[in-house]
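Read through the structure below, which is laid out as structure tokens, and then see the notes.
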Amino acid sequence: NREIEPLFKSPLFYLQTGLKNKPPILLIHGLGDAASKDWLNVIPELEKDYQVFALDLPGFGLSKGQYFEYSPHNYSLIIDWFIATQIQDQPILIGHSMGAAISLYYAANFSSNIDSS
């Protein structure tokens, strides 16, 4: 799927798989152009028990386009918009490398919007 996110008018590509009645997981990739493709080896296992979302953060993968300041703060705003509009539930948030830093920033500032169990 590909959307234009409204905050910075940037393209946002994401993968979505798994059953809608399962708990959601949001995967945030690390630094590198593979973006959401970094998760392709683990998604088949995750989708058995979860509804899985994997983003290509703006500036990476299939989300290249409008430039803005790529920062944990700005990426957190996009993640928050994505959760509110596409997931509409509290996902488990998983990130690696740069994605882990962004996920930690998001969790520290928007903790009520993610599953903290």
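Counting with my numbering, you get residues 1 to 117 for the letters of the sequence shown. Beta carbons: idealized from backbone N, C-alpha and C, even for Gly.
CB of residue i within 8 Å of CB of residue j, strictly
i, j, result
"isoleucine 102", "tyrosine 75", "yes"
"glutamine 90", "isoleucine 114", "yes"
"aspartate 56", "alanine 35", "yes"
Of the listed residues the options, nearest to residue i (C-alpha basis)
i, options, result
"leucine 27", "Glu5, Phe53 and Ala84", "Phe53"
"glycine 59", "Asp80, Lys22 and His29", "His29"
"asparagine 1", "Phe8, Asp115, Leu15 and Pro23", "Leu15"
"phenylalanine 13", "Asn21, Glu3 and Leu19", "Glu3"
"glutamate 5", "Asp33, Ala34, His96 and Gln86", "Gln86"
Burial state of residue i, where buried means 16 or more other Cβ atoms lie within 10 Å
i, result
"serine 63", "buried"
"glutamine 51", "buried"
"proline 24", "buried"
"aspartate 38", "buried"
Residue(s) in a DSSP beta bridge with residue i
i, result
"tyrosine 14", "Leu55"
"proline 24", "Gln51"
3 or more residues per run - each beta strand (DSSP E) lying fully within the region 28-97: 51-56 and 92-95
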